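> One structure follows; several queries about it will come next.
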Ligand code: PNS
């Protein structure tokens, strides 16, 4: 809470599936925000084939963050800034793992600011143990029968096993 009221942040992404890296970013955001809306995008800027449909990604996220009363998981379509505005969220959270993330993230942040000049994008670096981790690698390793148990929550692991069994 500050002089302007509660600090509301939105953490958008594809989350296909949510990884321990994403969970780490959520926990770090809760250190300085009052409410965090984790927003599962129905369509992403970089088109990708999804493993889990948006409804299932959302269901998984809600299970993963069930113990965090300040975290709300929702799906959104359309422009992120429009969605953030309806929430009263002026802070967009994105994880930044490595320099290779920078171009894409910088472009999105600048475009979002063009679209709504009051919005601020905050980049958080995850714990170093997750700096190599991505949802796409988790999908690939899981699809080839590899063990992803140290990269995702048990809830997610269970869904991946069912998907690839
Ligand atoms: O996890 P991802 O796929 O990197 O997340 C990308 C996401 C969903 C944050 C981005 O594609 C997005 O904001 N999509 C919503 C549509 C939008 O606002 N596009 C303009 C972004 S500059």
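In the numbering used here, the protein residues as written are 20 to 184. Even for Gly, the Cβ is constructed at its ideal location relative to N, Cα and C. Values in this document were obtained by computation on a predicted structure and should not be read as measured data.
Between the Cα of residue 59 and those of 112, 156 and 120, spot the shortest distance and give me the residue it belongs to.
Looking up residue 59 in the chain shown gives position 40. Cα-wise, what sits closest to residue 59 is 112.
> Where does residue 51 sit, in a helix, a strand or coil, going by DSSP?
Mapped onto the chain shown, residue 51 falls at position 32. DSSP places residue 51 in coil when its eight states are reduced to three.
> Counting contacts by CB-CB distance shorter than 8 Å, is residue 85 in contact with chain D?
In the structure shown, chain D cannot be found, because there is only a single protein chain.
> Exposed or buried, residue 121, counting other C-beta atoms within 10 Å across all chains shown (16 or more means buried)?
In the chain shown, the residue the question calls residue 121 occupies position 102. Exposed: under 16 other Cβ atoms inside 10 Å.
> If you count every other CB in all the chains shown that lies within 10 Å of the CB of residue 53, and 16 or more means buried, which is it?
Taking the first residue of the chain shown as position 1, residue 53 is located at position 34. Exposed, by the Cβ-count rule.
> Which whole runs of the alpha helix (DSSP H) in the segment 151-184 are 4 residues long or more, in chain order?
As far as the segment 151-184 is concerned, its whole alpha helix (DSSP H) runs of at least 4 residues are 154-162 and 173-183.
> Measuring straight from C-alpha to C-alpha, what distance separates residue 155 and residue 36?
Residue mapping note: residue 155 aligns to position 136 of the chain shown, counting from 1. Residue mapping note: residue 36 aligns to position 17 of the chain shown, counting from 1. Taking the straight line from one Cα to the other gives about 8 Å.
> Does DSSP put residue 79 in a helix, a strand or coil?
Here residue 79 corresponds to residue number 60 of the chain shown, with the count starting at 1. It is helical.
> Ligand 1 and residue 39: does the residue's C-beta get closer than 7 Å to at least one heavy atom of that ligand?
If you number the chain shown from 1, residue 39 lands on position 20. Not under cutoff, so the answer is no.
> Counting along the chain, where does the alpha helix (DSSP H) carrying residue 104 start and finish?
Against the chain shown, residue 104 aligns to sequence position 85. Where residue 104 is concerned, the enclosing alpha helix (DSSP H) stretches over 99-106.
> Would you say the beta carbon of residue 28 comes nearer than 7 Å to a heavy atom of ligand 1?
In the chain shown, residue 28 corresponds to position 9, counting from 1. No, ligand 1 has no heavy atom inside 7 Å of this Cβ.
> Return the residue from the list 68, 83, 128 and 103 that minimises the CA-CA distance to residue 141.
Within the chain shown, the letter at position 122 stands for residue 141. When each option's Cα is compared against that of residue 141, the closest is 128.
> Can you tell me whether residue 131 is buried or exposed? The criterion is at least 16 other CB atoms within 10 Å of its CB, across all chains shown.
Position 112 of the chain shown, counting from 1, holds the residue named residue 131. Answer is buried; the Cβ neighbour count reaches 16.
> Tell me, please, whether the segment 97-116 touches the segment 133-149 by the rule of three or more beta-carbon pairs shorter than 8 Å.
Segments in contact, yes.
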